[in-house]
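Presented below is the structure to which this report refers.
2 protein chains.
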Amino acid sequence: MAYFDSASSAPLHPVARQALLAALDEGWADPARLYREGRRARLLLDAARETAAEAAGCRPDELVFTSSGTRAVHDGIAGALAGRRRVGRHLVVSAVEHSCVLQSAAAHAADGGTVTEVGTDRAGRVAPGAYAAALRPDTALACLQSANHEVGTEQPVAQSAQDCRAAGVPLLVDAAQSLAWGPVPGDWSLLTASAHKWGGPPGVGLLAVRKGVRFAPRGPADERESGRAPGFPDVPAVVAAAAALRAVRQEAEREAARLRALVERIRARVPELVPETEVVGDPVRRLPHLVTFSCLYVDGEALLHELDRAGFSVSSGSSCTASTLVPSHVLRAMGVLSEGNVRVSLPPGTAEAEVERFLGVLPGAVAEVRARLGAPAPADGAPGGRRSPAARPGGEESAGDEPVLTVDALGRRCPVPVIELAKVIGDVPDGAVIAVLADDAAARLDIPAWCAMRGQEYLGERPAEGGTSYRVRRRA
Amino acid sequence: MAYFDSASSAPLHPVARQALLAALDEGWADPARLYREGRRARLLLDAARETAAEAAGCRPDELVFTSSGTRAVHDGIAGALAGRRRVGRHLVVSAVEHSCVLQSAAAHAADGGTVTEVGTDRAGRVAPGAYAAALRPDTALACLQSANHEVGTEQPVAQSAQDCRAAGVPLLVDAAQSLAWGPVPGDWSLLTASAHKWGGPPGVGLLAVRKGVRFAPRGPADERESGRAPGFPDVPAVVAAAAALRAVRQEAEREAARLRALVERIRARVPELVPETEVVGDPVRRLPHLVTFSCLYVDGEALLHELDRAGFSVSSGSSCTASTLVPSHVLRAMGVLSEGNVRVSLPPGTAEAEVERFLGVLPGAVAEVRARLGAPAPADGAPGGRRSPAARPGGEESAGDEPVLTVDALGRRCPVPVIELAKVIGDVPDGAVIAVLADDAAARLDIPAWCAMRGQEYLGERPAEGGTSYRVRRRA
């Protein structure tokens, strides 16, 4: 068995397990109490706070422990927005933030606030200039992740923090994916993170709020954790989380180099081994342990199932693996293929042999799923697909471009609409237009992405009875 | 060492520790994932939910795990209020609820809602009739604890649940202190609890919402736990919490009988062993493991320190042990003495010998603190103090009642104002009035309580320069 989904949750670090066991004995009591069990818990909590603050790059009294990374984000954003309500109610986020940030943004918008989502390039990276341009006089808060959780792309947080300072806007950095690897660079104002991402136990998040940042906690008052995280503190889990963070940081440099080499190998080899595959995310400015690729004509859920049978646990941003029927908002914002999406995130200590075994298993797993779906044979010029400068994502249609062929994929889910398109594209003359009727949300992303990968011209979409009509011009 | 504060937090049950260790190995992954580690976590989570639901007396799909009892209360109250916003914005609570309920009520009032606090008798018990009378056509929610956390008094939840049903109002029962001992009786609508109170780990709360109860979760949307508890679930802690709940329930009947006998012994012996002491809370309808008493002329913090030195960890509702300078709202609502307050809550397994040792140590500890404070010698008729029917808490003054003596206790904290009063009461003639000038918040509770205990007549209070003037008429 190989668990390659540490970006979802890392297995408990051995140091965390040991610290947890010790703290269950020593730190179970209420740290607010005056008797010895309480004082002991208090000492452990204070020491954990110092350790975590050092790793986060802030003062201990700037950091509180929350019950999860999600709570840190929800409560951090709400508190920062409320603290600057007099300035205004404008919130800036990137389009590729973790869903908990976007949930907070949606709640803010529903409550009458305004939100600007800053887009990314095709690698998932926010342009610092575009981010700075979104800041306004009434901007209460800006949020930017340190690195993306689905594709590994690092964001320009140091530059954006500087731009935010210049604009007088606090920047909240969601560091959930990167804190294991090092402190967040730059002069951020708020920081959030989640312990189970770095090998700590679940149930612990971090929220750091620098001195001087206006912050007004929402919800009922509670005296715990400086009034910023209500409820009885889980001291044993906090102690374990801090111990794990210190431990992974001590190993970070060496382990980052080792995993980065393994990730580079996957990035290079997958397109060679598996035809019609796109590796996504910034090739250089990226997390060391995470790599994501998408495979044409593949049902993500079926591929995950095949890989699971072969002993590999990975995750996917394909809509067909989620309950929502909508592909990952990250892949959508990047404008890349969502079907057959696979995220590999290697936990510390991953053996080279396991990665080799994964590379050995993957081609057969993909081929199996493709065969089952009746996918077309690999295109000429494969492996790797090809990009044509003529491809125009979101291109234009002229009045005379009536489709010579319509593919009815209504009621069929990803990746079937794209497979049906690929099957017939060779049947029409060069320059002719094909329409694909589909009602699956992934088609909106995957048909243009397929065109970009295969050098076909995407013309655009029109409402159609029962769904949407996507128009593609054949470019031979 | 004897830890007698299980009402704050119980030591981890051995079964919980074992379950936690196993679940750290088996249940660390994301239960929403499709691979085997995720499926395994899901199975554990589902099983824990069934166990907890059975213990709570609800269906598994009515119960979610929160990150603490406080979060269960905060989010349960907010969701129930929002779900019935169209009905109205009136909230009913008892005056002796846990602070997290009263915090929610205060937040609701600050947000424009209205709150009725239903008082209790001197034993801390809510009268069902008074509670039912507080329900109005615009009442969105009513909250009543199953048993009080400071004095152990059980509340009439079954009757109140029936009254609430009749009025069409959902009743939320905070069962934090009682769930270890048995299910909450009656037809409640929502229920909250906290695992570390029953020997589970910290970081786990329960929120049950019966089918048909209108509930609209507040805050950013999140798909976890039926949308009612955001954030990555702490499956190992949840598994341990459920295992501990099942274990304590299996032992509950036998252990309740055993601890009840020990508590009865404390209730009977403390007034015999320690002069000028009042045992508080309902003598019959009470939790089996908890007993509370207050000692005149004693500084609660000093007494806790003495007991800690002697190896006993207990808690106190005295203001001098808290950071707020205000005595426990529970003792205030009951109208009982707050100074020298001690709560003893015995964890399961407490040995009889430990209780005997406590009873052996207590008189010396109290005497030591009293001597240090220069407290008066025990009154005639001690031990136990005496109650006079002439005592009129909140009594009246007539125009001619000018004090013959004024005790200036401004700037002196509890229990000094009461000690100074007691020292001079014998110096004035029968029927004469003494004024005590004090600015300590505890004086407002403790001077009338002292009068009630010592058969003196409390006349009332007046604003005075720098504080308040409390008037007492000597009754010889």
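Protein sequences, first through last, are from chains A and B. Going by UniProt numbering, the first sequence opens with residue 1, and the numbers climb by one from there. Going by UniProt numbering, the second sequence opens with residue 1, and the numbers climb by one from there. Note that the Cβ used here is the ideal one computed from N, Cα and C, for glycine as well.
Among the residues of the segment 20-44 of chain A, those with a Cβ less than 7 Å away from any Cβ of chain B are Leu24, Trp28, Ala29, Asp30, Arg33, Leu34, Tyr35, Arg36, Glu37, in the order of the chain. Three or more Cβ pairs drawn from the segment 337-347 of chain A and the segment 305-319 of chain A lie within less than 8 Å of each other, which places the two stretches in contact. A distance below 7 Å between beta-carbons, with the five flanking residues on each side excluded, links His289 of chain B to the following residues of its chain, in chain order: Ser6, Leu259, Val263, Ser345, Leu346. The beta carbon of Tyr3 of chain B falls within 8 Å of a beta carbon belonging to chain A, placing the residue at that interface.
Contact between Gly219 of chain A and Ala2 of chain B is absent: CB atoms are separated by about 37 Å, not below the 8 Å threshold. Taking C-beta atoms as the reference points, Val92 of chain A and Ala147 of chain A fail to come closer than 8 Å.
A contact between stretches requires three or more CB pairs, one per stretch, nearer than 8 Å, and the segment 195-202 of chain A meets this requirement with the segment 240-248 of chain A. Under the three-state reduction of DSSP, Gln145 of chain A is assigned to strand. Counting only Cβ-Cβ distances below 9 Å, Cys100 of chain B has contacts in chain A at Pro220, Asp222, Pro230, Gly231, in chain order. The Cβ neighbour count for Arg254 of chain B, taken over all protein chains shown within 10 Å, is under 16; the residue is labelled exposed.
At a cut-off of 8 Å between C-beta atoms, Val235 of chain B counts as an interface residue with respect to chain A.
In the three-state DSSP reduction, Gly38 of chain B falls in the helix class (H, G or I).
Proximity to Val184 of chain B across B:Gln145, B:Pro217, B:Arg471, B:Val169 peaks at B:Gln145, based on C-alpha coordinates. In the structure shown, the three-state DSSP call for Thr468 of chain B is strand. For Val284 of chain A, the number of other beta carbons within 10 angstroms of its own is below 16, and it is reported as exposed. Annotated three-state conformation of Tyr131 of chain B is helix, per DSSP. A Cβ of chain B is located within less than 8 Å of the beta carbon of Leu304 of chain A.
In the assembly as shown, Asp30 of chain B is a buried residue. Its beta-carbon has 16 or more other beta-carbons within 10 Å. Within its own chain, the residues whose Cβ lies closer than 6 Å to the Cβ of Ala167 of chain B, once the five positions on either side in sequence are excluded, are Leu135, listed in chain order.
For Thr116 of chain B, the closest alpha carbon among the candidates B:Ala123, B:Ala133, B:Ser8, B:Arg210 is that of B:Ala133. For the pair of segments examined, the segment 402-413 of chain A was found to touch the segment 427-437 of chain A: the number of CB pairs separated by less than 8 Å reaches three. Against chain A, a Cβ distance below 7 Å from Gly317 of chain B picks out nothing, because the smallest value is about 13 Å. Annotated three-state conformation of Leu273 of chain A is helix, per DSSP. Fewer than three pairs of CB atoms, one per stretch, sit closer than 8 Å, so the segment 264-271 of chain B makes no contact with the segment 95-102 of chain B. The CB of Pro11 of chain A comes closer than 7 Å to the CB of Trp28 in chain B, given here in chain order. Chain B has no Cβ within less than 8 Å of the Cβ of Ala109 of chain A. Beta-bridge partners of Leu290 of chain B (DSSP): B:Ser345. Gly203 of chain A has a beta carbon lying within less than 8 Å of a beta carbon in chain B.
Only residues of its own chain outside the window of five on either side were considered, and among them Gly199, Pro201 have a CB closer than 7 Å to the CB of Leu12 of chain A, listed in chain order. Of all residues in the segment 54-74 of chain A, those with a C-beta nearer than 8 Å to a C-beta of chain B are Ser67, Ser68, Gly69, Thr70, Arg71, His74, reading in chain order.
By the C-beta criterion, the segment 220-236 of chain B is judged to be in contact with the segment 202-214 of chain A, since at least 3 inter-stretch pairs fall below 8 Å. In this structure, B:Thr120 is the residue among B:Thr66, B:Thr120, B:Cys164, B:Asp25 with its C-alpha nearest to the C-alpha of Val336 of chain B. Taking 8 Å as the CB threshold, Gln103 of chain A lines the interface with chain B.
Within the same chain, Ser319, Ala441 come within 7 Å of Val326 of chain B by CB-CB distance, once the 5 residues on both sides are set aside. Counting only runs of 4 or more residues that sit fully inside the segment 73-140 of chain B, the alpha helix (DSSP H) segments are 99-110, 128-133, in chain order. The beta-carbon of Glu154 of chain B is placed no less than 8 Å from the nearest beta-carbon of chain A.
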